[in-house]
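Engineer: Take this structure first; my questions come after.
Numbering (the working numbering), first residue to last: 1189 to 1500.
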């Protein structure tokens, strides 16, 4: 019995000693010691990792993202619009009401073309008309022109005198009634943010780039001659008394815009610069318009170049 007890105690002692020895071994093992790395032979298959490149979201160029960065324009409002597919391509404050200066003359031409029934009618310049700002230097009291010739003055040179003379002669009631018809037409075209005070553009005529899109569509639908005249870079008009009027387009880009179909400039110190351009791309018609611009020609070329770069 005592022998058995002795064996039992000896076994317990050996067990405790084993535990103590293991703890001691682990306690003195160097802290930084790590198991050796696995070795790879040349015949071992190499680990495969997914090919991932991390780039900022705005890094991708046009060929990857589909479109280059939208152009920055100085204009307070700008619009690039696909007239054929009824699609806005670029817009900056398209509903902002701004002074439109001589873009007014597009509505003047549209209203006149719809209300002049006698194509042989002559439109006379009077002394009071010549008091308007920036008259053509060779115009004199009594000069008279056909409707088409008046359009050349209005749409190519942006002449204020002929715009006023035209508005006074179209209706017996005079220019005030003509302006009334301009606003009536604007309502018909759902140009809800547009208001005309004169047929020239020297007053506080207001509109938006989106409203001017509606006006453009109306001209293209009912009287494309307005735009076809407006894209002529230079023309000479011969009056009945053989006076020659050399008219140069106020749009200096008119011969540089691919596929140009028509345009109209505008400027007053209060309104700053404005420019409306319609151009063709195959079977597609596109509108570019800027209002309140410090660089109307630069802004317009920026929009048009951006269009051609990203066209579908």
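Glycine is no exception: its CB is placed at the ideal position from the N, C-alpha and C atoms.
1) Which whole runs of the alpha helix (DSSP H) in the region 1289-1331 are 4 residues long or more, in chain order?
2) Could you name the residues of the same chain whose beta carbon sits closer than 6 Å to that of residue 1450, not counting the 5 residues immediately before and after it, in chain order?
3) Tell me which residues share the same chain as residue 1399 and place their Cβ nearer than 6 Å to its Cβ, disregarding the 5 neighbours each side in the sequence.
4) State the Cα-Cα distance for the pair residue 1473 and residue 1268, rounded to the nearest angstrom.
5) Got a sec? Which residues, its chain only, sit under 7 Å from residue 1270 by beta carbon, not counting five neighbours each side?
6) From the DSSP output, in three-state form, read off residue 1424 for me.
7) Figure out for me which residue from 1490, 1306, 1391 and 1406 has the closest Cα to the Cα of residue 1358.
8) Can you tell me whether DSSP reads residue 1434 as helix, strand or coil?
9) Could you tell me which residues DSSP puts in a beta bridge with residue 1460?
10) Can you find a heavy atom of the ligand NAP that lies under 7 Å from the Cβ of residue 1288?
11) Of all the options 1335, 1365, 1347 and 1334, which has the alpha carbon lying nearest to the alpha carbon of residue 1320?
12) Please report the Cβ distance between residue 1300 and residue 1354, rounded to the nearest whole angstrom; I am assuming they are in contact, meaning their Cβ atoms lie under 8 Å.
13) So, does the region 1482-1498 touch the region 1319-1338, judging by three or more C-beta pairs under 8 Å?
14) Just mark residue 1432 as buried or exposed, buried being the case when its beta carbon has 16 or more other beta carbons within 10 Å.
15) Terminal residues of the continuous alpha helix (DSSP H) containing residue 1410?
16) Residue 1456 and residue 1463 - do their beta-carbons sit closer together than 8 Å?
17) Among the residues of its own chain, which have a CB less than 6 Å from the CB of residue 1421, if the five just before and after it don't count?
18) What's the gap between the Cα of residue 1374 and the Cα of residue 1392?
19) By the three-class DSSP mapping on this structure, what secondary structure does residue 1363 have?
20) Using a Cβ-Cβ cut-off of 8 Å (strictly less than) and excluding sequence neighbours within five positions of residue 1288, which residues of its own chain qualify?
21) In the structure shown, what three-state DSSP assignment does residue 1278 receive?
22) Rounded to the nearest angstrom, what separates residue 1261 and residue 1284 at their Cα positions?
23) Taking the beta carbon of residue 1293 as the centre, do at least 16 other beta carbons fall within 10 Å, making it buried, or is it exposed?
24) Take residue 1387 as the anchor and find which of 1402, 1369 and 1435 has the nearest alpha-carbon.
25) Am I right that residue 1350 and residue 1333 are in contact with their C-beta atoms under 8 Å? What's the rounded C-beta distance?
Structural biologist: For this structure:
1) 1292-1303
2) What you label residue 1450 is simply residue 262 of the chain shown in a count that begins at 1. Cβ contact annotation for residue 1450 (same chain, cutoff 6 Å, sequence separation greater than five): 1415, 1418, 1419 and 1466, in chain order.
3) In the chain shown, counting from the first residue as 1, residue 1399 sits at position 211. Closer than 6 Å at Cβ, skipping near neighbours: 1379, 1381 and 1382.
4) Taking the first residue of the chain shown as position 1, residue 1473 is located at position 285. Taking the first residue of the chain shown as position 1, residue 1268 is located at position 80. Distance between the alpha carbons of residue 1473 and residue 1268: 11 Å.
5) Counting from 1 along the chain shown, the entry for residue 1270 is found at position 82. Closer than 7 Å at the Cβ level, and outside the excluded window around residue 1270, lie 1277, 1472 and 1474.
6) Here residue 1424 refers to the residue found at position 236 when the chain shown is read from its first residue. In the structure shown, residue 1424 sits in a strand (DSSP, three-state: E or B).
7) Translated into positions along the chain shown, residue 1358 becomes position 170. The shortest C-alpha separation from residue 1358 is found at 1306.
8) Within the chain shown, residue 1434 is the residue found at index 246, counting from 1. Of the three classes helix, strand and coil, the one that applies to residue 1434 here is strand, per DSSP.
9) Residue numbering aside, residue 1460 sits at position 272 when the chain shown is read from its first letter. In DSSP, residue 1460 forms a bridge with 1456.
10) You won't find the ligand NAP in this model; it holds no ligand whatsoever.
11) Taking the first residue of the chain shown as position 1, residue 1320 is located at position 132. With distances taken between Cα atoms, residue 1320 lies closest to 1347.
12) The count along the chain shown starts at 1 and reaches residue 1300 at position 112. The count along the chain shown starts at 1 and reaches residue 1354 at position 166. Rounded, the Cβ-Cβ distance is 5 Å, consistent with contact.
13) Because the criterion of three Cβ pairs below 8 Å is not met, the region 1482-1498 and the region 1319-1338 do not touch.
14) One-based indexing of the chain shown puts residue 1432 at position 244. Counting Cβ neighbours within 10 Å, residue 1432 comes out exposed, since fewer than 16 surround it.
15) Translated into positions along the chain shown, residue 1410 becomes position 222. Here the alpha helix (DSSP H) through residue 1410 covers 1397-1410.
16) The sequence position of residue 1463 within the chain shown is 275, counting from 1. The sequence position of residue 1456 within the chain shown is 268, counting from 1. Not a contact, by the Cβ cut-off of 8 Å.
17) Here residue 1421 corresponds to residue number 233 of the chain shown, with the count starting at 1. Closer than 6 Å at Cβ, skipping near neighbours: 1437, 1442 and 1443.
18) Reading the chain shown from its first residue, position 186 is the one you call residue 1374. Reading the chain shown from its first residue, position 204 is the one you call residue 1392. When rounded, the distance between both Cα atoms is 16 Å.
19) Taking the first residue of the chain shown as position 1, residue 1363 is located at position 175. Helix, per DSSP.
20) The residue given as residue 1288 occupies position 100 in the chain shown. The answer, listed in chain order, is 1389, 1393, 1394, 1395, 1400, 1454, 1459, 1462 and 1479.
21) As a position in the chain shown, residue 1278 is number 90, starting the count at 1. Strand at residue 1278.
22) One-based indexing of the chain shown puts residue 1261 at position 73. One-based indexing of the chain shown puts residue 1284 at position 96. If I take the Cα positions, the gap works out to 15 Å.
23) In the chain shown, counting from the first residue as 1, residue 1293 sits at position 105. Label assigned to residue 1293: buried.
24) For the purposes of this step, residue 1387 is taken as residue 199 along the chain shown, with counting starting at 1. Selected option, being the one with the closest Cα: 1369.
25) Taking the chain shown and counting its residues from 1, one reaches residue 1350 at position 162. Taking the chain shown and counting its residues from 1, one reaches residue 1333 at position 145. About 7 Å separates the two Cβ atoms, so the contact holds.
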